[in-house]
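Numbering (the UniProt record's numbering), first residue to last: 1 to 141.
Using N, Cα and C, we set each Cβ at its ideal position, and we do this for glycine too.
Structure, as structure tokens:
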């Protein structure tokens, strides 16, 4: 199965895992890391490498980060730059709960390349402005 690693600022990664378990039950092979105020970037980088190694069951690893240009994403980019010749790796930044759930559930029946493409498409559908989707007047009692 494709491994998943969540690397975010603070407790966000843990919250995604907790919410995922609430919604879909067992989520399987998912590592989660949070970078907190005062943490060493070098130590966080080592944790990212270790999480990728542990999550990799041979089918590839997708890393989900919160913020493009943030330390978790930058550290992940560095790891992918070093490991891409020996492992199937990809990073998606801007994680949200729908994309996390899509990754957790779809990796059971998709290969690495299919999942990457699917997640790229799903990302486009998982954000928006509510007034563009529904009429508020329909929500009145």
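- [ ] Measure the CB-CB distance between residue 6 and residue 33 and report whether it falls below 8 Å.
- [x] On the chain shown, position 6 is the one that residue 6 refers to. On the chain shown, position 33 is the one that residue 33 refers to. Inclusion of residue 6 and residue 33 in the CB contact set at 8 Å is warranted, their separation being smaller than that value.
Task: Nearest residue (CA-CA) to residue 66, options 56, 59, 77 and 40 - done: Here the question's residue 66 lines up with position 66 in the chain shown. By alpha-carbon distance to residue 66, the top candidate from 56, 59, 77 and 40 is 77.
Open item on the list: Suppose the cutoff is 7 Å on Cβ atoms and the five residues either side in sequence are ignored; what does the same chain contact list for residue 1 look like?
Closed with: Here residue 1 refers to the residue found at position 1 when the chain shown is read from its first residue. Cβ neighbours of residue 1 beyond the five flanking positions: 28, 29, 57, 59, 107 and 108.
Open item on the list: I'd like to confirm the pairing. Which residues does DSSP put opposite residue 65 in its beta bridges?
Closed with: Translated into the one-based positions of the chain shown, residue 65 becomes position 65. Answer is 7 and 93.
TODO: Provide the residue(s) that pair with residue 48 in DSSP beta bridges, ordered along the chain.
DONE: Sequence index remark: in the chain shown, residue 48 carries index 48 (1-based). Per DSSP, none; premise fails for residue 48.
TODO: Would you give the residue range spanned by the beta strand (DSSP E) that residue 150 belongs to?
DONE: Coverage of the chain is limited to positions 1 through 141, which leaves residue 150 absent and any answer about it impossible.
TODO: Check whether the Cβ atoms of residue 97 and residue 4 sit closer than 8 Å, and answer yes or no.
DONE: One-based indexing of the chain shown puts residue 97 at position 97. One-based indexing of the chain shown puts residue 4 at position 4. With respect to residue 4, residue 97 sits apart: the two C-beta atoms are not nearer than 8 Å.
- [ ] For the alpha helix (DSSP H) holding residue 117, just list the boundary residues, first then last.
- [x] As a working note, residue 117 is residue 117 in the chain shown. Taken as a continuous stretch (DSSP letters only), the alpha helix (DSSP H) holding residue 117 covers 112–123.
TODO: Consult DSSP for residue 26 and reduce its assignment to one of helix, strand or coil.
DONE: On the chain shown, position 26 is the one that residue 26 refers to. Residue state, collapsed to three classes: coil.
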